[in-house]
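**Student:** Below is one structure. I have some questions about it.
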């Protein structure tokens, strides 16, 4: 080297004293400084007392300051060694000529080549007072090698304890997350000031064990407090696991499988559950002084759901069964109602996830139609119901077809309604911790059948009598009744189904395998009057027993609305038809007779006898009358026709319930015939007026043995009297063989038409 070499002092925090030869009262040739706040504040730490305090793990940074305190000599080839920091023979950055001129000061930092280790991240990773010594070497112009050693101190604090917690809570909705907002912002979920459905769901007295990072070796144990919180403090830095036991309170969960741990590691770490299915967490690392209040465990009580597949007999979508025993389950022992015993056994039932697609579990209904799924995690589920086999619906020897699901979600009582949609799957339902939902039911209905007979009511009594034949070719149409349950009104709905009676007069809807399954419901049948035999009409409806009467109304052939329950077979929807009445010719006969004016006193009577006469009852309603050709009950004003041939000249008609009878004279030629107008007189009303005869009659008309129509109307109403006016003024003489010599027909416009009266 050129010239003598000057010795420099090496300074740290609290620099050592410089050699006297190089020191002046106001100049320190060599200093070492330390910072524990990232270079903001620098300390000369040459003693322990002057050393700064650094927290555990604090990054420590050093720097050197070299100054030539000579007034006329340079320093050459200056280097620094600091074994503690790992700096060896590092050249001071003194320019290209390796010279520090008099009064020149150089600051050396971590950014200078060879001095990178002035930054010490791990210096305070262990506690204690840390000393390191640096040596500065230089040549002073005109001198030799000079060296100086300096000590530097930093005080590293002890490692602060770590903490780990925090809560065991009931995960009511089973989503693996504490539904609680950290409103107070302290990072602890569920303490005072927070809000949410599960903020108050902490579980007390749960055993909690702290394990080493191997998740096996026990470190400490505690139990949760009254709000479900726990805390392990005074912990050394390291890896830990936490093991949670189940709650010790037997009242917390009485499910068969006991409580269970919820989903782990769902969502944010501060609010999720960290315990796996066994109650143990994954290892977590704690740094010195770290507080981790995010190690939680969610626990739930298993849920359950059920409960019944039933036949909805009245198809109203509701189980007609009262929960008399009050247990919330409809149809078990102690309940009452028409559908309490309508459970269907051996029906497959699948439990699905909330997507209504993924199968979770499967079962079948028991002998009373009940099913159940237990030990379920809280969450959303659907239930998928199968159907019983088609043979379930066979009734009275009829194959009615396959069953179907009834209306879903009818009414307001979820415990009683049916929850299965048309495809058999319920809507999603949410189960909470410990919840038992016995309301997931499925109602099943069977097809129905309705028919069956169109007949000719030959005696027109409105009833199917023996020997009355079926009528083929009559068109029938099936309608669904509207809400007003009145057939033939605007709210009725056509089913689109039509049938024509077969050769036996039979028709049928439903129970037609491969053709048509008739859903149970409310229906009526319309019989098409246009398809009846010509001139035929409908008979009297609803007379007597429904199984044998006629149900179609005379005006339009519509039957009344009827309810078809599940599996019902109604074969009593019949219709009787009657032939057209005889033509109503409304005829008046004008008879011109060869009359002997005036008739001789010895008038020779004609031989003749009535074959039919019609009279009108003028007595009380409901009077039973029997006579030739008629027997029945008559009402006031009702016309009754008695038909011959008559065995006697006087016809006796019995009036039941009273003493007496009516006698009608039907001979025109017997000895008692003393006047041309006598023929047909009622013995009790004119001819002799014998005592004990019932006289409550009015003569309507009669027909003699030759078919002549004779009409008579009482004058002024009332009972029959001698002053009846006949259209024929006088009885014809016997000159022309007991027949009039002239007969004229006069048509008065009846329903038969002139042609029918020819």
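In our numbering, the protein residues as written are 164 to 921.
Virtual Cβ for every residue (Gly too), placed ideally from N, Cα, C.
Helix, strand or coil: how does DSSP classify residue 702 here?
**Tutor:** Three-state result, residue 702: coil.
**Student:** Tell me where the beta strand (DSSP E) around residue 689 begins and ends.
**Tutor:** Note, residue 689: beta strand (DSSP E), 684 to 690.
**Student:** Which same chain residues end up closer than 6 Å to residue 681 when comparing Cβ atoms and leaving out the 5 residues on each side of it in sequence?
**Tutor:** Result list for residue 681: 610, 611, 672 and 673, in chain order.
**Student:** By Cβ distance, which residues of its chain are closer than 8 Å to residue 387, with the 5 residues on each side in sequence left out?
**Tutor:** Once the five neighbours on either side are set aside, the close Cβ partners of residue 387 are 330, 331, 365, 366, 367, 368, 369, 371 and 393.
**Student:** If you compare alpha carbons, which of 304, 558 and 613 is closest to residue 234?
**Tutor:** Nearest option by C-alpha distance: 304.
**Student:** Given residue 602, which residues of its chain have a CB within under 6 Å of its CB, disregarding the five upstream and five downstream residues?
**Tutor:** So the qualifying residues of the chain are 577 and 578.
**Student:** To the nearest angstrom, how far is it from the Cα of residue 437 to the Cα of residue 389?
**Tutor:** Their backbone Cα atoms lie some 21 Å apart in a straight line.
**Student:** Considering only DSSP beta bridges, list what residue 513 is partnered with.
**Tutor:** Per DSSP, 525 and 547.
**Student:** Specify the secondary structure class of residue 588 as computed by DSSP and reduced to three states.
**Tutor:** Correct three-state label for residue 588: strand.
**Student:** Report the CB separation of residue 817 from residue 790 in whole angstroms; it is logged as a contact under 8 Å.
**Tutor:** Their Cβ separation, rounded to whole angstroms, is 7 Å, which keeps residue 817 and residue 790 in contact under 8 Å.
**Student:** Please confirm whether residue 596 and residue 403 have their CB atoms less than 8 Å apart.
**Tutor:** No, the pair does not count as a contact, with Cβ atoms beyond the cut-off.
**Student:** Would you say residue 573 and residue 479 are within 8 Å of each other, going by their C-beta atoms?
**Tutor:** Yes. Within cutoff.
**Student:** Please confirm whether residue 581 and residue 564 have their CB atoms less than 8 Å apart.
**Tutor:** Taking 8 Å as the Cβ cut-off, residue 581 and residue 564 do not qualify as a contacting pair.
**Student:** Do the stretch 267 to 281 and the stretch 244 to 258 touch if we need at least three Cβ pairs shorter than 8 Å?
**Tutor:** Yes, the stretch 267 to 281 touches the stretch 244 to 258.
**Student:** Are the CB atoms of residue 319 and residue 287 within a distance shorter than 8 Å?
**Tutor:** Yes, they are a contact pair.
**Student:** Counting only the same chain and skipping the five closest in sequence on each side, list residues whose C-beta sits under 8 Å from that of residue 219.
**Tutor:** Contacts found: 287, 288, 290, 319, 320, 321, 322, 323, 451 and 452.
**Student:** For my contact list, residue 300 and residue 242 are in at a C-beta cut-off of 8 Å; report their separation, rounded to the angstrom.
**Tutor:** Yes, residue 300 and residue 242 are in contact; Cβ-Cβ is about 5 Å, under 8 Å.
**Student:** Are the CB atoms of residue 718 and residue 637 within a distance shorter than 8 Å?
**Tutor:** Not in contact: residue 637 and residue 718 (Cβ atoms no closer than 8 Å).
**Student:** Tell me whether the beta-carbon of residue 337 lies closer than 8 Å to the beta-carbon of residue 272.
**Tutor:** Result no, Cβ atoms of residue 337 and residue 272 do not sit closer than 8 Å.
**Student:** Have a look at residue 296 and residue 377 and give me their C-alpha separation to the nearest angstrom.
**Tutor:** Each residue's alpha carbon lies about 42 Å from the other.
**Student:** When you compare only the Cα positions, how much space is there between residue 723 and residue 475?
**Tutor:** Cα to Cα, residue 723 sits roughly 24 Å from residue 475.
**Student:** Taking residue 407 and residue 460 to be in contact with their CB atoms under 8 Å, please state how far apart those CB atoms are, rounded to whole angstroms.
**Tutor:** That pair is a contact at about 4 Å.
**Student:** The beta strand (DSSP E) spanning residue 681 covers which residue range?
**Tutor:** Looking at the DSSP string, residue 681 is not in any beta strand (DSSP E), and its letter there is neither H nor E.
**Student:** Quick check: what's the CA-CA separation for residue 815 versus residue 625?
**Tutor:** Taking the straight line joining both Cα atoms gives about 30 Å.
**Student:** Considering Cα atoms alone, identify which of 646, 702, 667 and 659 is closest to residue 685.
**Tutor:** Nearest option by C-alpha distance: 646.
**Student:** Taking its Cβ as the centre, do 16 or more other Cβ atoms sit within 10 Å of residue 412, making it buried, or is it exposed?
**Tutor:** Its Cβ having fewer than 16 others within 10 Å, residue 412 is exposed.
**Student:** Return the CA-CA distance between residue 385 and residue 405, expressed in angstroms with no decimal places.
**Tutor:** Approximately 11 Å, taken between the alpha carbons.
**Student:** Here's a check: name, in chain order, each residue in its chain whose Cβ is nearer than 6 Å to the Cβ of residue 656, leaving out the five neighbours to either side.
**Tutor:** 643.
**Student:** On the three-state DSSP scale, how would you describe residue 129?
**Tutor:** No answer is possible for residue 129: it lies beyond the span of the chain, which begins at 164 and ends at 921.
**Student:** Here's the rule: buried if 16 or more other CB atoms are within 10 angstroms of the residue's CB, otherwise exposed. What is residue 325?
**Tutor:** With 16 or more other Cβ atoms within 10 Å, it is buried.
**Student:** By alpha-carbon positions, which one of 499, 214, 348 and 538 ends up nearest to residue 594?
**Tutor:** Among 499, 214, 348 and 538, the Cα nearest to that of residue 594 is on 538.
**Student:** Since residue 664 and residue 706 are thought to touch, with beta carbons under 8 Å apart, how far apart are those beta carbons, to the nearest angstrom?
**Tutor:** Actually they are not in contact, since the Cβ atoms of residue 664 and residue 706 sit about 21 Å apart, beyond 8 Å.
**Student:** For the stretch 546 to 564 against the stretch 725 to 741, do three or more pairs of beta-carbon atoms, one drawn from each stretch, fall closer than 8 Å, so that the two count as touching?
**Tutor:** Yes, the stretch 546 to 564 touches the stretch 725 to 741.
**Student:** Name the one or two DSSP bridge partners that residue 244 has.
**Tutor:** In the DSSP output, where bridge partners are listed per residue, residue 244 has 298.
**Student:** What is the rounded straight-line gap between the Cα of residue 783 and the Cα of residue 819?
**Tutor:** Those two C-alpha atoms are separated by around 12 Å.
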